[in-house]
Amino acid sequence: MAEFSTAIIDRGDVSVINVSGYLDAHTAPTLESNFTELIDNNKFKIVVNFKDLAYISSAGLGVFMAYVEKIRDNAGDIKLTNMNEKVYNIFDLLGFPLLYEIFSTEDEAVNKFNKSDKVGNDESK
Amino acid sequence: MTNYTNLNADKINILDNIQFRLFLGSSGALLVFKLLFSGSELIVYKLVTDLLIISAISFLFLFLMDIFEKRNASPFSLIMNIGILNAFVFFLIMFSDSIMSLLFENVNEKLNNPSLVSTIITLAYILLIVGFIIYVFITLRHLFFFRQSGSQKIYFYTMLVFFVLASLTAQYFGANELSFISDTFMIISVLLMLLNSLRISWIAFIVKKEKIALLVLSIVIAVLFIVNLNNSGDATVHSKMLSSISPSLKEFTEIIMLYAAIYFSVLFFTTLFHIPTAEAFDRKAEEVSSLQYFSKLITQVLEYNELADTVTDITIRVSGANASWIIWREKDEFISLANKNIGFIDSNLLNKFILRKVDWENLDDTIFLKLSDIEVQSKLSQKFRAMAISPLKAHGKLQGLLVAICKDDKKFNEEDKNAIATFSDYASISMENSRLLEESIEKERLERELDVAREIQRKIIPEKNPEYEDLEISSVFVPAFEVGGDYYDFFKISESKLGILIADVSGKGISAAFIMAEIKGIFESLSKTIENPREILIKANDILISTLDSKTFVSAAYCLIDFNERKLNIARAGHCPVLLLRNDTAQRLKPSGMGLGMSREKHFEDTLDELIIDLKENDTIVLYTDGITEAKNENLDDFGEKYFTEILLESRNKSSDEISKKVINEVSMFAKNHSQYDDITLVILKWKPRHSEERGRDRQKIKLNGEKEWQNSAQQL
Chain L
596 MAEFSTAIID RGDVSVINVS GYLDAHTAPT LESNFTELID NNKFKIVVNF KDLAYISSAG
656 LGVFMAYVEK IRDNAGDIKL TNMNEKVYNI FDLLGFPLLY EIFSTEDEAV NKFNKSDKVG
716 NDESK
Chain C
-18 MTNYTNLNAD KINILDNIQF RLFLGSSGAL LVFKLLFSGS ELIVYKLVTD LLIISAISFL
42 FLFLMDIFEK RNASPFSLIM NIGILNAFVF FLIMFSDSIM SLLFENVNEK LNNPSLVSTI
102 ITLAYILLIV GFIIYVFITL RHLFFFRQSG SQKIYFYTML VFFVLASLTA QYFGANELSF
162 ISDTFMIISV LLMLLNSLRI SWIAFIVKKE KIALLVLSIV IAVLFIVNLN NSGDATVHSK
222 MLSSISPSLK EFTEIIMLYA AIYFSVLFFT TLFHIPTAEA FDRKAEEVSS LQYFSKLITQ
282 VLEYNELADT VTDITIRVSG ANASWIIWRE KDEFISLANK NIGFIDSNLL NKFILRKVDW
342 ENLDDTIFLK LSDIEVQSKL SQKFRAMAIS PLKAHGKLQG LLVAICKDDK KFNEEDKNAI
402 ATFSDYASIS MENSRLLEES IEKERLEREL DVAREIQRKI IPEKNPEYED LEISSVFVPA
462 FEVGGDYYDF FKISESKLGI LIADVSGKGI SAAFIMAEIK GIFESLSKTI ENPREILIKA
522 NDILISTLDS KTFVSAAYCL IDFNERKLNI ARAGHCPVLL LRNDTAQRLK PSGMGLGMSR
582 EKHFEDTLDE LIIDLKENDT IVLYTDGITE AKNENLDDFG EKYFTEILLE SRNKSSDEIS
642 KKVINEVSMF AKNHSQYDDI TLVILKWKPR HSEERGRDRQ KIKLNGEKEW QNSAQQL
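Protein chains in written order, with this note's numbering: chain L, 596 to 720; chain C, -18 to 698.
Right, dumping it as structure tokens:
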């Protein structure tokens, strides 16, 4: 099938994974290795930007399921942004909006992380 | 040496050999003849003696030839044997004098006037000498023909004829005015000996070590033959013993010994001249044999790593390097492979150096590098001095680098460069072939696995649809090549209730098939105790959350039709919406719910809704999997839910079978230029109550409630 690629950009302590192309059973390992790498480096605040994603299969969806528990156990989260309608529908059918925070822009997702940090810090004070 | 012992081993059935028997017969006849007519000076007597000797020699010759032919001995071992035998004969001749003197008081007297004992001893001695001479002759013949084309036969056999002529004539004409005849034969014989001794082409094919050994051996043997020849002068007992039986035989043994002396002298000088080029020749021969060996290897099924090991092994052999390994490109990383005589830490260190130093991307030929160029002096650069790097390319793309490394910086030369280059060309092709082979084996394995998966899927999907008078049921299932994990089933809960499940396992192939089988088991058993779709899905999630791995989930929709109540109850766990065709509209029934196996019990339960609908006559319920809506055409456009709904609405007044047929036709038309990637499942239910009038009126109230319920959550398309 068509190509798939990812790029990781750090925005403060939030890591943004930009995914593009076709995410299916054959290309999922690329994204999996991205998540493993981030987790190994103790980066648990992850935003996945779907702006350039054309298609996602159920195996692609599985990648998010595989890592979310570990990330949340470490006070992190996976937030999803910039989905086109088709991609959103796939996520929606499966009930992902019930499990993940989905934003329309990357900034919103990053801000949400920062805000919750602040709240967390305020609380600790 | 070994051949010598083999000779003994062959003697076990020696007596069965017809030629050996004839030889014994001739020898016996000779003995009897000698005893009967001793001392006769008649020409006839001499001729008969010679004939008997010739026949004995011929039979022994044929017998020994037979043994020789069966054994394919190397020239070197043959010469070893000659050396040993020669030494033995040397002592035999030397001590023949003293031994005979010990046995008989007057040897000369005895020989001229032989007794029975002396004749037997003389004959035995002569047979030993004859055996030796024949052995030498056969060996020389063997060496002559070794690695020689067939046309040379004539020279050798002409020589043999002249040997015999010279031997015979010496006796009969040697002492008178006709001696020129035997002299002529003798001269021609010697010339032919010289000519034939020059055919020593096999010398080139033995290795240097053997050449040096041969040099020593050939001179020793040549000297021994000369000494033996010298020791068999007319005055010696040896000579007298031979002459007493047949002067021709004595002549013949001398001719053969002369031939041997000449041959081994020539051999000595030839070997001497071959020594300087021996090493280069060895190298070339090694190269050729390595390549032959390698080409033989690659035609066999070889495991990839095993092949890489062979490649580095042979590289060391052909180039005389001390260590070798392969730098293999895996995606964008370079790894050391098949290290020979070098550790991975060292090779990895050198890899970095090589990759920095060499424009490997455009490397076309073998290049040399000096390790003294390494910026950081290390133990490595002291240990190794020079290296040769050769690209391994397949289809024009660099696969890796073959590295050979050497302790001596003058070691690598142009020859080595060519050897490594030739070899690396060969190696890259074979490694690529091996990789392709492994891939195709893997592919075959996957295909077999998929066969199993398809078989499982075929068995767990219902063979036929249940039949009801009030409900038309139609189902279509089109499996994808890579089993997509679709599953549907019907559960007859009671006479008046039917459960319908449609599910899609994430992932493909054999693992998806196993999960499908698990789902079937779960729903088969749950549907026996639980009627409510929502509750069934909750229970199924409870079970699946602990058995599915974290990235696998199952989307499912479960419908319950109550024939008495005329109701449809739907719960949906992350599956495509259920479509309801009523009048001219299609409604998406999409109660909230996430896929099975995605979230813990409580969260799943909290977010799962159900939908209850009162069925009306001609209501058509459509359950499907994303194999339909995500079917693709050549432009990778989706078939899409919108188009799907349009087709459904167009054919809504037809029977359920006709509707599903229409849909499948449309999907296959749409996707005809694109391979089917996912399973396609379509289940269509059409509500056709028998007594619609009365029953419909009875249920008026409930229907109204039901409509309210689904209108809240269902979108209208």
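Beta carbons: idealized from backbone N, C-alpha and C, even for Gly.
Assigned secondary structure, residue i (DSSP; H/G/I helix, E/B strand, else coil)
i, result
"Q152 of chain C", "helix"
"T601 of chain L", "strand"
"I187 of chain C", "coil"
"T625 of chain L", "helix"
"M368 of chain C", "strand"
"R547 of chain C", "coil"
"T676 of chain L", "strand"
"K473 of chain C", "strand"
"T700 of chain L", "coil"
"I442 of chain C", "coil"
"S531 of chain C", "coil"
"Y658 of chain C", "coil"
"L596 of chain C", "coil"
"Y695 of chain L", "coil"
"T566 of chain C", "strand"
"V70 of chain C", "helix"
"T217 of chain C", "coil"
"F585 of chain C", "helix"
"V642 of chain L", "strand"
"K635 of chain C", "coil"
"L350 of chain C", "strand"
Burial state of residue i (16 or more Cβ within 10 Å)
i, result
"P228 of chain C", "buried"
"Y116 of chain C", "buried"
"E598 of chain L", "exposed"
"M650 of chain C", "exposed"
"A261 of chain C", "exposed"
"K221 of chain C", "buried"
"K445 of chain C", "exposed"
"L556 of chain C", "In the sequence on display, residue 556 of chain C carries His and not Leu. When all chains shown are included, H556 of chain C counts as buried."
"P624 of chain L", "exposed"
"P514 of chain C", "buried"
"L617 of chain C", "exposed"
"A602 of chain L", "exposed"
"Y138 of chain C", "exposed"
"T258 of chain C", "exposed"
"L288 of chain C", "buried"
"V145 of chain C", "buried"
"E591 of chain C", "buried"
Closest by C-alpha distance to residue i, when choosing among the options
i, options, result
"E582 of chain C", "C:I34, C:V204, C:A554, C:D595", "C:A554"
"D635 of chain L", "L:I666, L:A704, L:L689, L:A654", "L:I666"
"L525 of chain C", "C:M497, C:L541, C:P514", "C:M497"
"L693 of chain L", "C:T139, C:F585, C:K642", "C:F585"
"P558 of chain C", "C:A521, C:I503, C:T626", "C:T626"
"V707 of chain C", "C:V457, C:S246, C:T533", "As shown, chain C starts at -18 and ends at 698. That puts residue 707 of chain C outside it, with no answer to give."
"T533 of chain C", "C:E516, C:A494, C:L560", "C:A494"
"D619 of chain C", "C:L248, C:V603, C:L33, C:K653", "C:K653"
"F472 of chain C", "C:I184, C:I511, C:V70, C:K134", "C:I511"
"A402 of chain C", "C:D451, C:F349, C:V201", "C:F349"
"I491 of chain C", "C:L45, C:L239, C:L179, C:D432", "C:D432"
"V188 of chain C", "C:A375, C:E268, C:K548", "C:E268"
"M368 of chain C", "C:V339, C:A375, C:H376, C:D345", "C:V339"
"L179 of chain C", "C:S224, C:F125, C:E615", "C:F125"
*Only counting runs of 4 or more residues, tell me where the alpha helix (DSSP H) segments fall wholly within the region 475 to 516 of chain C, in order along the chain.*
490 to 510
*Quick check: the region 291 to 311 of chain C against the region 371 to 383 of chain C, are there 3 or more CB pairs under 8 Å?*
yes
*Is there contact between the region 231 to 243 of chain C and the region 5 to 24 of chain C, where contact requires at least three CB pairs shorter than 8 Å?*
no
*Evaluate contact between the region 423 to 433 of chain C and the region 322 to 331 of chain C, counting only Cβ atoms and requiring at least three cross-stretch pairs below 8 Å.*
no
*Pairing CB atoms from the region 429 to 448 of chain C with CB atoms from the region 385 to 404 of chain C, are three or more of them under 8 Å?*
no
*Is the region 497 to 508 of chain C in contact with the region 613 to 632 of chain L, if contact means three or more CB pairs nearer than 8 Å?*
no
_Those runs of the beta strand (DSSP E) which lie wholly inside the region 374 to 429 of chain C and span at least 3 residues_ = 378 to 387
*Using 8 Å as the Cβ pair cut-off and three pairs as the minimum, do the region 62 to 72 of chain C and the region 106 to 121 of chain C touch?*
yes
*Do the region 26 to 37 of chain C and the region 67 to 87 of chain C meet, that is, are 3 or more Cβ pairs less than 8 Å apart?*
no
*If we count Cβ pairs, one from each stretch, closer than 8 Å, do we get three or more for the region 661 to 681 of chain L versus the region 702 to 711 of chain L?*
yes
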